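Read through the structure below, which is laid out as structure tokens, and then see the notes.
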């Protein structure tokens with residue numbers, strides 16, 4: 105058995121191959137397997153199996169999304185640890201742009217009340233999945249902006 109892990113459409117995917125053509129050693133997930141995974145991702149499925157018949161080119165095995173991605177968490181933690189809240193943190197304007205004036209002000213108030221604690225905000229959104237995802241999307245925008253600024257400084 106071979107295991108290959110790869111970042112695919114923002115997800116860390118682990119594939120355990122039970123059969124590969126001529127026991128080929130793999131560095132990447134073959135396109136035929138990625139197509140099966142992609143079709144399942146659009147159905148909001150986080151794991152599955154595939155056969156040689158499914159791939160058409162001799163691969164079979166199982167795949168799953170790694171539920172907690174260390175690299176992503178590290179990016180968030182690095183931003184959280186190093187960001188200057190006034191210029192690189194989430195602000196009222198961003199909350200209001202994402203949620204509207206009233207709910208944006210409410211959620212921003214919670215963000216401040218929780219002392220900008222990412223995990224407490226995630227917990228707060230536990231029954232509001234769409235609002236929670238919006239928060240995560242907002243957070244990743246500021247993380248990416250922070251990373252870009254950091255890259256530009258090092259040039």
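In our numbering, the protein residues as written are 105 to 259. The C-beta atom is built at its ideal place from N, Cα and C for all residues, glycine as well. Note that the coordinates shown come from a computational prediction; the quantities given were computed from them, not determined experimentally.
- Within the model, the alpha-carbon separation for residue 243 versus residue 196 is close to 13 Å.
- Every alpha helix (DSSP H) of 4 residues or more that sits fully in the segment 178-254 is shown, in chain order, as 189-192, 196-203, 205-217 and 222-228.
- By the neighbour-count definition (other C-beta atoms within 10 Å, threshold 16), residue 149 is an exposed residue.
- Short of 6 Å from the beta carbon of residue 170, and not among the five residues preceding or following it, lie these beta carbons of its own chain, in chain order: 116 and 118.
- Across the structure, residue 236 and residue 218 are spaced so that their CA atoms are roughly 15 Å apart.
- DSSP places residue 166 in the strand class (E or B) of the three-state scheme.
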